[in-house]
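Residue numbers (the working numbering): 289 to 373. The beta carbon of each residue, even a glycine, is placed where N, CA and C say it ideally should be. To start, the structure itself, in structure tokens.
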């Protein structure tokens, strides 16, 4: 059999890979937080505790989301100001 040269690997878009990885980690974190955390709260404290726990976890998630939005907003503003000059 004649030797066939190997095909060169496709170029990798590292920014897209990082974006997808970060998104999947964030989704996984919240899934574990709400499913495992909520399940343990329900097991130990019952439905009333679960309601309170979900309210607290949801409030924390909203605060974390706002922090991420502010961070991305500063990044966007920084790029916009840099491109403007």
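For this session: Using the Cα positions of residue 355 and residue 292, report the straight-line distance between them to the nearest angstrom.
Result: 53 Å
Exercise. CA-CA distance, residue 363 and residue 322?
Worked result: For the pair residue 363 and residue 322, the Cα-to-Cα distance works out to about 29 Å.
Exercise. From what residue to what residue does the alpha helix (DSSP H) around residue 356 run?
Worked result: 326-372
Exercise. Hey, quick one: how far does the alpha helix (DSSP H) through residue 309 stretch, first residue to last?
Worked result: Per DSSP, residue 309 belongs to the alpha helix (DSSP H) from 302-320.
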